[in-house]
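Enquirer:
Protein chains in written order, with this note's numbering: chain A, 104 to 305; chain B, 848 to 1137.
#1: Per DSSP, which one or two residues make a beta bridge with residue 1037(B)?
#2: Below 8 Å on C-beta distance, what does residue 1081(B) contact in chain A?
#3: Could you say which of 1005(B), 1025(B), 1098(B) and 867(B) lies nearest to residue 1060(B) if we only look at CA atoms?
#4: Hey, could you find the ends of the beta strand (DSSP E) residue 858(B) is sitting in?
#5: Whole-angstrom Cβ separation of residue 1006(B) and residue 1015(B), contact assumed at under 8 Å?
#6: Hey, which unbroken runs of the alpha helix (DSSP H) at 4 residues or more fall wholly within the region 104 to 140 of chain A?
#7: Does the beta carbon of residue 1140(B) sit closer than 7 Å to a beta carbon anywhere in chain A?
#8: Using the Cβ count rule (16 or more neighbours within 10 Å means buried), how would you classify residue 960(B)?
#9: Near residue 1105(B), what residues of its chain come up, given a Cβ to Cβ distance below 7 Å and the 5 sequence neighbours on each side ignored?
#10: Do the region 201 to 213 of chain A and the region 152 to 166 of chain A make contact, defined as three or more Cβ pairs closer than 8 Å?
#11: Using a C-beta to C-beta distance shorter than 7 Å, which residues of chain A count as neighbours of residue 1077(B)?
#12: May I ask which residues mark the beginning and end of the beta strand (DSSP E) holding residue 924(B)?
#13: Can you check the region 910 to 985 of chain B for any alpha helix (DSSP H) of at least 4 residues that lies completely inside it and give the ranges in chain order?
#14: Looking only at C-alpha atoms, which of 1053(B), 1084(B) and 1065(B) sits nearest to residue 288(A)?
#15: Is there at least one Cβ from chain A nearer than 7 Å to residue 1028(B)'s Cβ?
#16: By how many angstroms is the C-alpha of residue 258(A) removed from the C-alpha of residue 161(A)?
#17: Taking a Cβ distance cut-off of 7 Å, strictly less, list which residues of the region 883 to 902 of chain B are near chain A, in chain order.
#18: May I have the straight-line CA-CA distance separating residue 853(B) from residue 209(A), to the nearest angstrom?
#19: I'd like the list of long-range same chain contacts for residue 1033(B), defined as Cβ closer than 7 Å, with 5 residues on each side in sequence excluded.
#20: Name the chain A residues whose beta carbon is nearer than 7 Å to that of residue 910(B)?
#21: If we count the other Cβ atoms within 10 Å of its Cβ and call it buried at 16 or more, is residue 992(B) buried or exposed?
#22: How should residue 279(A) be labelled, buried or exposed, when 16 other C-beta atoms within 10 angstroms of its C-beta is the threshold for buried?
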C-alpha cells in the first residue's frame, strides 16, 4: 500500500505502477466528464479541443456560478460545489476514453465493471475512488475552472479543473486486473445464504 | 389560518437550499453509531471522510453533495388552512426555481425525451409535490432533494401469494447486493410492501426518506425492519461498496393492504447524504426543522 502524488499528465508506466489499495493525490489538471459529453463524443462523433492524453478524468457535473471572467475565473465560471457521480452509468465509455483520448486515470465513485477493467489492463490505466457524497470536502481541493468545452451541454460540459491536493483517492481497480468492487460483490453473493438464513428464508 | 402564497414560495426556496447544506440530526447520529461499531479499517476511513464532509459543508456553507437531486416536496395540510390548492402548488414550483437561480444550484432536471435542461430544477411533473392531511391547524412542507445514484437503484417486484413473505425478504437482500456501491452506501433501504404497483413504489420512497429511529407504524412491518437491517449488514458491501459492516443505516418498511392475489414489494434507497428539511406554518409563525 503505497501513496503516490501524481502531477498530471502521467506516463503509462506511472499508471501501471498503481495497485489496488494504494492511495493517490492528484496535482495539476483534472478533467470533468459526464454522461452527456461522452454520449456526444463517442456516439455522436463530436470532438473536443482538449488534449487529455495522460490525464485523469473525474465523473462529475459541478455546481458553478457565472462571474465576470478574471485571472481567477478565466472561463467566467466559479466552482461552487464539485463532487463525484456514480461511475457505473458510464461503463461503456472507459474503453474509448483510454483508447481514443489517451486518458490514464478515471476518478469516480461506486466502481466500474469488467469491460473497464480490461481497458485498464490493455491501455495502462486505473480507477481511483473518491468518497461519493463528500462534495463539500472535494470542492476544497479544486482551485479553479481553467477551461470548459462543449458548454452547450451545461452542466454536463467538459470541464478542465486545476486541483491542489486532490485526495487521498483509493486505487480501487488497477491495470493488473484487480478490482475491489469485484471482490466485495463476490463476497456479498457468498454471504447471501447466511443473510437469508438469518431471515428464516430457506 | 390564511396562508399567503408569497410566504409559501419563500419557504419552498429556503427549504431546498437548507436541505442541500445541513444534514438532519438523526442521520448525523446514524453516522456516529456506524463509526463506533464498524470493524473494517477501510470502511472506518470512509465513514470518517463522510463525517468530515458534514462539518466542512456547515463551515463553508456549501452543499453536502453536488447532486441537487430531483426536488420532492411533501405537503401536509391541517384543519382550517386556507389557501387555494393551485396557488400552493405554483408557489412551491416558483420557490424551487428561485432557489436554483438565486443560489446558483446545478439544475439536475431535464426533459426525459429531448434531455433539454431548463436550468430551473423544474420540468413537466417536477418538482414532485405530494399532498397529505392532518388534524392540527398547520401547513407542513417537507423538502427532499433525491439524489440519482440511489434513485437509479429502484426496483418493483409483483410477487405472488404462493411465494409468501420470503419473497419480500429475499428481494430486499438481492437488491442490496445488486446496488453494491452505486447507491453511495451506507444507505437507508426503503421497502414498500403491499398496495398497487404505484402505491408500493411510493411506500418504498416514503420508507427511504423517513427519519432514522422512527419505526414502521405497523408492528409486523417494524419487526421485519429489524431483521432485514441485520441481514443486509451481514453482506459486507460496506460504505461506498468498498467492503465493511456499514452497508445500511437501517432498512425501513412501509406497508399498505393489497389484493388477495398480490404480494408486491418495492425497494427505493436513500444515499448516506440523506437530506431533507421541513417547515411548519402555524398561526404562531414559521418553524424550520428536518
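Beta carbons are placed, not taken as given, at the ideal position from N, Cα and C, and that holds for glycine.
Expert: To lay it out plainly:
#1: Paired residue(s): 1099(B) and 1115(B).
#2: Residues of chain A passing the Cβ test: 294, 297, 298 and 301.
#3: It is 1098(B) whose Cα lies nearest to the Cα of residue 1060(B).
#4: According to the DSSP assignment, residue 858(B) belongs to no beta strand (DSSP E) but to the alpha helix (DSSP H) extending over 852 to 868.
#5: The C-beta distance from residue 1006(B) to residue 1015(B) rounds to 7 Å, short enough to fall under 8 Å.
#6: Here the runs fully enclosed are 115 to 119.
#7: Residue 1140(B) cannot be examined here, being either before or after the span of chain B that is shown, 848 to 1137.
#8: Answer is exposed; the Cβ neighbour count stays below 16.
#9: Around residue 1105(B): 1041, 1042 and 1111.
#10: Judged by Cβ distances under 8 Å, the region 201 to 213 of chain A makes contact with the region 152 to 166 of chain A, as three or more pairs qualify.
#11: Those within 7 Å of residue 1077(B) in chain A are 301.
#12: Its beta strand (DSSP E) spans residues 917 to 924.
#13: Listed in chain order, they are 932 to 950.
#14: The shortest Cα separation from residue 288(A) among 1053(B), 1084(B) and 1065(B) belongs to 1084(B).
#15: True, the Cβ-Cβ gap to chain A drops below 7 Å.
#16: The straight-line gap from Cα to Cα measures roughly 14 Å.
#17: Listed in chain order, the positions of the region 883 to 902 of chain B with a beta carbon within less than 7 Å of a beta carbon of chain A are 893, 896, 897, 899 and 900.
#18: Answer to the nearest angstrom: the Cα atoms are 46 Å apart.
#19: These residues qualify, in order along the chain: 881, 1086, 1093, 1094, 1095, 1096 and 1119.
#20: Chain order gives the chain A residues near residue 910(B) as 166, 184, 238 and 239, where near means a beta carbon separation below 7 Å.
#21: Residue 992(B) should be labelled buried.
#22: Under this definition residue 279(A) is an exposed residue.
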